[in-house]
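Here it is in structure tokens:
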């Protein structure tokens, strides 16, 4: 089974505030799920093993490709990576000056970056910022969400992550029908120009030369609040599950569920190659099954993940034939069923419009033929 990245006919969401976004009683946050922001998140998440990620991406996706650029002069490939991520309607270039910098801080970075994007989704950002703008949130949020036990450890994690966070560089284009829109005004730009903590409040500054609406605020998914209290593997699976759900609206609409192949989970978790590990049960099978079980327990019936595989299968069969069945319930199901309805209505309206245009063309062609026949008859009578 392969995962696709085609956003055609997905319902766009222009209003940055979605259901549950500001409701403290909600089980989820709104999360940007646009192609360019997903690209950035994927590259940052897999910074330590980008070439393996690129190879697996090509195998698991119909329409995505990751290309590596020659490192800038004066740098080495090990220290600097510049990659272009191409989907059906986007081209995004991500530049990481120091891969080792990102790898060392990856554990706190991913959740802090996720929370930064969540707070970005709450901002009503215009296409061209006249002045600098920032995102602020109290570090106690991470304690309340279960990421860290104390404010001190949350501050330490933020300080560890802010360096790589403010080093992510990007440029790219998004194709909208026939138009090509630039994500940045002047070539490659740093995403976040600064970050600090003052009086327990984290503040992250946005680069005003980036089209933030185009970069991140076109499409949205949701992310359960439990994400922040999960282990790294379980958190990665949960986040990617809801990213993929945005693309599986047809399945959710018909069956209230969808599948994710174990090969894709191997890619998401950066697990070893099945042919290169001496203990695939410990290094591949167990991390996948343990993470799926942890997510299901944390979600307590709102999201049920059932691993489907042959218990006697070898690791090749486990990965090639095994999959996780994702069943959505309650608020999650309501959210995606609403999106599926919007998508279905959009497709039906498009099909109806095309049918009307085709019918008008037929009538016009028939009318023209009748006129030509009448003209031909008149010509013959005169003869």
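Residue numbers (the numbering used here): 3 to 385. Quick reminder that beta carbons are idealized off the backbone N, C-alpha and C, glycines included. Keep in mind it's a predicted model, so treat the numbers as computed, not measured.
query                                                                                                                                                                            : result
Are three or more beta carbon pairs between the region 252 to 269 and the region 329 to 345 nearer than 8 Å?                                                                     : yes
What residue does the alpha helix (DSSP H) around residue 163 start on, and which one ends it?                                                                                   : 153 to 167
Per DSSP, residue 263 is paired with what?                                                                                                                                       : 325
Take every Cβ of the region 158 to 169, pair it with every Cβ of the region 93 to 107, and state whether three or more of those distances are shorter than 8 Å.                  : yes
Between the region 146 to 158 and the region 223 to 230, do three or more beta carbon pairs fall short of 8 Å?                                                                   : yes
To the nearest whole angstrom, what separates the beta carbons of residue 270 and residue 239, a pair I think is in contact under 8 Å?                                           : 6 Å
Measuring alpha carbon to alpha carbon, tell me which of 297, 337, 274 and 302 ends up nearest residue 248.                                                                      : 337
Per DSSP, what are the beta-bridge partners of residue 86 in this structure?                                                                                                     : 69 and 95
Measuring only the C-alpha atoms, how far is residue 138 from residue 197?                                                                                                       : 10 Å
Are there any heavy atoms of the ligand ATP lying less than 7 Å away from the beta-carbon of residue 326, as far as the coordinates show?                                        : Looking for the ligand ATP in the displayed structure turns up nothing, as the structure carries no ligands at all.
Run the CB neighbour count on residue 46, radius 10 Å, all protein chains shown included, and call it buried at 16 or more, exposed below.                                       : buried
Determine contact between the region 206 to 217 and the region 30 to 39, defined as no fewer than three beta-carbon pairs at a distance below 8 Å.                               : yes
What does DSSP give as the partner residue(s) for residue 138 in the beta ladder?                                                                                                : 205
For the beta strand (DSSP E) that contains residue 43, what are its first and last residues?                                                                                     : Looking at the DSSP string, residue 43 is not in any beta strand (DSSP E); the run it does join, the alpha helix (DSSP H), is 37 to 47.
Let's see if you can read the secondary structure: which residues bound the alpha helix (DSSP H) around residue 114?                                                             : 108 to 122
Taking buried to mean at least 16 other C-beta atoms within 10 Å of its own C-beta, is residue 283 buried or exposed?                                                            : exposed
Would you tell me roughly how many angstroms separate the C-alpha atoms of residue 93 and residue 83, rounded to the nearest one?                                                : 16 Å
Can you give the Cα-Cα distance for residue 55 and residue 109, rounded to whole angstroms?                                                                                      : 18 Å
Quick one: what's got a C-beta closer than 6 Å to residue 176's C-beta in the same chain, skipping five residues either side?                                                    : 92, 183 and 216
Give me the Cα-Cα distance between residue 58 and residue 187, rounded to the nearest whole angstrom.                                                                            : 32 Å
So what's residue 283 in DSSP terms, helix, strand or just coil?                                                                                                                 : helix
With DSSP run on the structure shown, which of helix, strand or coil describes residue 372?                                                                                      : helix
In angstroms, rounded to a whole number, what distance separates the CA positions of residue 159 and residue 195?                                                                : 19 Å
Three-state secondary structure (DSSP) at residue 331?                                                                                                                           : coil
Drop a sphere of 10 angstroms on the beta-carbon of residue 265, count the other beta-carbons inside from all chains shown, and report buried for 16 or more, exposed for fewer. : buried
What are the start and end residues of the beta strand (DSSP E) that includes residue 226?                                                                                       : 222 to 226
Apart from the five residues on each side of it in sequence, which residues of its chain come closer than 7 Å, Cβ to Cβ, to residue 99?                                          : 82 and 169
Between the Cα of residue 206 and those of 325, 315, 134 and 313, spot the shortest distance and give me the residue it belongs to.                                              : 134
For residue 174 versus residue 185, is the C-beta distance shorter than 8 Å?                                                                                                     : yes
Is it true that the CB of residue 326 sits closer than 8 Å to the CB of residue 294?                                                                                             : yes
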